[in-house]
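When the letters of the first sequence are read in order and numbered with this note's numbering, they come out as residues 1 to 549. For every residue, glycine included, the Cβ atom is placed at its ideal position computed from N, Cα and C. Okay, so here's the structure we're looking at.
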Amino acid sequence: MKTKIYNDIIKSLKKIDLNCNEDFTVEIPNVAEHGDFSSNVALINAKTLKVKPRDLARKIANDLSKKRDYKSIEIAGPGFLNFKLANSLYYKELKKILKAQYNYGSSNYGHRKKVIIEFISANPTGPLNIVSVRAGAYGDTLFRIMKHIGFEPFSEFYINDAGNQVDIFAESIEIRYRELHGHCVEEFPFEAYHGEYIKDLAAELNTIEGTKLFHMTEEDRLERMKNFALDAIHKMQVSSLNRFDVQFDNWMSEKKLRLEGILEEALSYLAEAGCTYEKDDAVFFSSTKFGDEKDRVLIKADGNPTYLVPDIAYHLTKYNRGFDIIIDVLGPDHHGHVSKLRAAIKALELDDSKLEVVFLQHINLLEDGEVVKMSKRTGKIVTMDDLLNEVGKDAARYFFINRKPSAHLDFDLELAKKKSSENPVFYCQYAYARINSILKKAKKAKLTLKKFDEKNLNKLDNIDEINLIKKMMDLSSVLNLCADNREPHRLAGYVHELAGMFHKYYAKYKIIDEENTDLSMARLYLISAIQIVISISLDLMGISSPKKM
RNA sequence: GCGCCAAUAGCUCAGUUGGAUAGAGCAACGGAUUUCUAAUCCGUAGGUCAGGGGUUCGAAUCCCUUUUGGCGUGCCA
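In structure tokens, the structure reads:
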């Protein structure tokens, strides 16, 4: 609708002067008296055309008033154009919603651009924690929204199943395994993993293997433990994610990248580009050439690659797979890392503008108002499963989607538990359930939309009804904004507002009035549309739409 | 030191890319249930948009600066 008005204005503007500036906006004002839509076109163009803003606005208004789509066009303030639309346009949109059903709001906005969204990518050394809940809710919602509006998104989880951390992980299992067999460990090493689940894994392995592992060489034993534990953790993570309704198109394994020689490939490309050199027995990447503040080590003096190498190799595969947009969703502690990665991508002569990194800010876990330090090493974690047990999937998803990625977030578990009745997600779901209940009642009263004559839509003529339709029309521009800015939290706000408008409407008007079936039917038509739009929005956030609450 | 992110109501946060009178939820207070489900609605109260300067018709939004907080600045990942 905005674009329609925008185009109408352009046409009208061209008649006045061809040298007009098209960089103006059409917006929905936040004050109702300012009309349904409002444009600053006259303010923007007044200076270049050397006329007074209000005079220019008058000219445009006179021209556009000839169209019958506009009920009125007013000039206000310094020179805003305020449009009021004819109700027929709204009724048309309402019909569109009922016709499109759950496809409403979908579009070709994304032009089938291929987008890879990598998110969570938690270490495979423990259960998913609350940080992953945020990343999961964010990444999956962004994925669903992009898909709905015509992108071709692809979700991926990167598993760091090789390297130093994983070795420490295996050693931690080894220590717990030895304990089971009476080997006394004087002091549990600080850097090892302390969580209780390590003991569980060791015990599980023990029931399978018993003492057999002691007959292996230490190297083989650790390898066996590593593979066993990685596999167990992976299954654990997949099961948590299933509960959270997050699916991945692909799990990319670092180990696999290593086996396939992608690391060497990346290194040789960098060498060919003349961007590597040897110093102090190590191989360096001259990243300063590409805007990094200092050169980085690729191969350590001991011959092992640093974490940077597999990461470059991994991103090389993202480019090789032909994605148009590459989105990495990371924690804030990785931002120092991105300049290095970006430098490498430039060195490989790849288009670094394709790579976007979204940093999800920290979550402070609060207990009695105090911040609790979370660490996998010390074993103090709140897992995704804990959270799902406490508040359920729907509330957890809403809670974590409902804020912009760049905002820090204080999470009070006590409050989250209490929230079960206060959480805004129920407010939205309740609107859906309420509508369902009204529709059920209408059916009993033999009011069905099959017999409805759409001409009667003009019974929907009060301001609240028109406002509801206007709100529903916003869906597609909200989705576009969510996708463009990688900010799915806007959808959470949107559905909350729509639900609120419905609740108010419900309290104010009687929908089923057996004395006036035409009006009742029109209103049933309206709330059916609301139900569809709420359901689409919730579904895009991975939240269920309960028929009854 | 340098770099990145933030600062909006008592609390948790929005604010449609520079628009007109800065909004929700929670908490507080007052009201509405013979109903279409009260997990709801109506009302009251709550603000120097961290401070200062700049850009222009117009700034919470853009630029500069100060302050405060978080993070980064490894031959850890």
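Next on the checklist: Restricting to Cα atoms, I'd like to know which of F426, I312 and A203 is closest to Y177.
Outcome noted: The sequence position of residue 177 within the first sequence is 177, counting from 1. Taking only the C-alpha atoms, the option nearest Y177 is A203.
Next on the checklist: Could you check whether I73 and F80 sit closer than 8 Å to each other, using their CB atoms as the reference points?
Outcome noted: As a working mapping, residue 80 is identified with position 80 in the first sequence. As a working mapping, residue 73 is identified with position 73 in the first sequence. No, they are not a contact pair.
Item to check | Three-state secondary structure assigned by DSSP to N458 | outcome: For this step, residue 458 is matched to residue 458 along the first sequence. Three-state result, N458: helix.
Checklist entry - G542 to A170, Cα distance in whole Å? => result In the first sequence, residue 542 corresponds to position 542, counting from 1. In the first sequence, residue 170 corresponds to position 170, counting from 1. Their Cα atoms are separated by approximately 35 Å.
Checklist entry - If you follow the beta strand (DSSP E) that T554 is part of, which residue opens it and which one closes it? => result The structure shown has nothing for residue 554, since the chain only spans 1 to 549.
Checklist entry - At which residues does the alpha helix (DSSP H) containing E179 begin and terminate? => result Along the first sequence, read from residue 1 onward, the residue named residue 179 stands at position 179. First-last of the alpha helix (DSSP H) with E179: N164 to L180.
Checklist entry - Taking G392 as the reference, which of E179, L360, F426 and S406 has the closest Cα? => result Here the question's residue 392 lines up with position 392 in the first sequence. Out of E179, L360, F426 and S406, F426 has the C-alpha closest to the C-alpha of G392.
Next on the checklist: Tell me the rounded alpha-carbon separation between I401 and M473.
Outcome noted: Looking up residue 401 in the first sequence gives position 401. Looking up residue 473 in the first sequence gives position 473. Whole-angstrom Cα-Cα distance: 22 Å.
Checklist entry - Quick one: what's got a C-beta closer than 6 Å to H315's C-beta in the same chain, skipping five residues either side? => result Taking the first residue of the first sequence as 1, we reach residue 315 at position 315. Cβ within range, chain order: n/a, list empty.
Checklist entry - Buried or exposed: which applies to Y158, given that a residue is buried once 16 or more other Cβ atoms fall within 10 Å of its Cβ? => result Position 158 of the first sequence holds residue 158. Burial state of Y158 is buried, judged by a 10 Å Cβ sphere holding 16 or more other Cβ atoms.
Checklist entry - Based on the DSSP output, what are the partners of S155 in its beta bridges? => result If you number the first sequence from 1, residue 155 lands on position 155. BP columns for S155 point to I117.
Item to check | T125, buried or exposed, once every other Cβ within 10 Å from all chains shown has been counted against 16 | outcome: Looking up residue 125 in the first sequence gives position 125. Answer is buried; the Cβ neighbour count reaches 16.
Checklist entry - How would you label P332, buried or exposed, when you count the other beta carbons within 10 angstroms and need 16 or more for buried? => result Within the first sequence, residue 332 is the residue found at index 332, counting from 1. Around the beta carbon of P332, fewer than 16 other beta carbons sit within 10 angstroms, so the residue counts as exposed.
Checklist entry - Leaving out five residues before and five after V246 in sequence, what residues of the same chain have Cβ atoms less than 6 Å from its Cβ? => result Residue 246 sits at position 246 when you count from the first residue of the first sequence. Only G136 and D140 meet the Cβ criterion.
Checklist entry - Grouping DSSP H, G and I as helix and E and B as strand, with all else coil, what is D333? => result By one-based count along the first sequence, residue 333 stands at place 333. Helix, per DSSP.
Next on the checklist: Nearest by alpha-carbon distance to G291: which of H337, R221 and A313 is it?
Outcome noted: As a first step, residue 291 is located in the first sequence; it is residue number 291 there, counting from the start. The residue with the shortest Cα to Cα distance from G291 is H337.
Checklist entry - Just how far apart, CA to CA, sit R397 and I116? => result For the purposes of this step, residue 397 is identified with residue 397 of the first sequence, where counting begins at 1. For the purposes of this step, residue 116 is identified with residue 116 of the first sequence, where counting begins at 1. Looking at the two C-alpha atoms, the distance is approximately 21 Å.
Next on the checklist: Quick check on the DSSP output: what are the complete beta strand (DSSP E) runs of length 3 or more inside the region 220 to 267, in order along the chain?
Outcome noted: 250 to 253
Checklist entry - Just to confirm, are M216 and E156 a CB contact at a threshold of 8 Å? => result On the first sequence, residue 216 is found 216 positions in, with the first residue counted as 1. On the first sequence, residue 156 is found 156 positions in, with the first residue counted as 1. The answer is no: Cβ separation not under 8 Å.
Checklist entry - Since S535 is in the beta strand (DSSP E), which residue starts that stretch and which ends it? => result The residue you call residue 535 lines up with position 535 of the first sequence. First-last for S535: T517 to L540, but that is the alpha helix (DSSP H), not the beta strand (DSSP E).
Item to check | Segment limits, alpha helix (DSSP H) that includes F502 | outcome: Taking the first residue of the first sequence as 1, we reach residue 502 at position 502. Taken as a continuous stretch (DSSP letters only), the alpha helix (DSSP H) holding F502 covers H489 to K508.
Item to check | Option nearest N227 by Cα separation, candidates E218, A192 and V166 | outcome: Taking the first sequence and counting its residues from 1, one reaches residue 227 at position 227. Answer by Cα proximity: V166.
Next on the checklist: Tell me the residue span of the beta strand (DSSP E) that contains N402.
Outcome noted: One-based indexing of the first sequence puts residue 402 at position 402. Unbroken run through N402: none, as it is neither H nor E.
Checklist entry - Is it the case that the Cβ atoms of L49 and A529 are separated by a distance below 8 Å? => result As a first step, residue 49 is located in the first sequence; it is residue number 49 there, counting from the start. As a first step, residue 529 is located in the first sequence; it is residue number 529 there, counting from the start. Result no, Cβ atoms of L49 and A529 do not sit closer than 8 Å.
Checklist entry - Three or more beta-carbon pairs under 8 Å between the region 60 to 68 and the region 498 to 512, yes or no? => result Segment contact: the region 60 to 68 against the region 498 to 512, fewer than three CB-CB distances shorter than 8 Å; contact not assigned.
Next on the checklist: When you compare the region 337 to 355 with the region 194 to 202, are there three or more beta-carbon pairs, one atom per stretch, that lie closer than 8 Å?
Outcome noted: no
Item to check | Nearest-angstrom Cβ-Cβ length linking F143 and P127, presumed shorter than 8 Å | outcome: Taking the first residue of the first sequence as position 1, residue 143 is located at position 143. Taking the first residue of the first sequence as position 1, residue 127 is located at position 127. That pair is no contact at about 23 Å.
Checklist entry - What span of residues does the beta strand (DSSP E) with N7 cover, start to end? => result Here residue 7 corresponds to residue number 7 of the first sequence, with the count starting at 1. No beta strand (DSSP E) contains N7, which is instead part of the alpha helix (DSSP H) from K2 to I16.
Checklist entry - Looking only at C-alpha atoms, which of V238, E27, K470 and E22 sits nearest to I44? => result In the first sequence, residue 44 corresponds to position 44, counting from 1. Of the listed residues, the one whose Cα sits closest to I44 is E22.
Item to check | Under 8 Å between C-beta atoms of I363 and L409 | outcome: Looking up residue 363 in the first sequence gives position 363. Looking up residue 409 in the first sequence gives position 409. The answer is yes: Cβ separation under 8 Å.
Item to check | CB of I536 within 8 Å of CB of G105, strictly | outcome: The residue labelled residue 536 in the question sits at position 536 within the first sequence. The residue labelled residue 105 in the question sits at position 105 within the first sequence. A contact, by the Cβ cut-off of 8 Å.
Checklist entry - Can you tell which of L89, Y109, D17 and I130 has the C-alpha that lies nearest to the C-alpha of L387? => result As a first step, residue 387 must be located in the first sequence, where it is residue number 387. Comparing Cα positions, the closest option is I130.
Checklist entry - So, helix, strand or coil for L409, using DSSP? => result On the first sequence, residue 409 is found 409 positions in, with the first residue counted as 1. Three-state result, L409: strand.
Next on the checklist: Looking at I28: is its Cβ nearer than 8 Å to the Cβ of L479?
Outcome noted: As a first step, residue 28 is located in the first sequence; it is residue number 28 there, counting from the start. As a first step, residue 479 is located in the first sequence; it is residue number 479 there, counting from the start. Taking 8 Å as the Cβ cut-off, I28 and L479 do not qualify as a contacting pair.
Checklist entry - Do D36 and K470 have their CB atoms nearer than 8 Å? => result Taking the first sequence and counting its residues from 1, one reaches residue 36 at position 36. Taking the first sequence and counting its residues from 1, one reaches residue 470 at position 470. Cβ atoms of D36 and K470: closer than 8 Å.
Checklist entry - By Cβ distance, which residues of its chain are closer than 8 Å to E265, with the 5 residues on each side in sequence left out? => result Working through the first sequence from its first residue, we reach residue 265 at position 265. Counting only Cβ-Cβ distances below 8 Å, and skipping sequence neighbours, we find A313 and L316.
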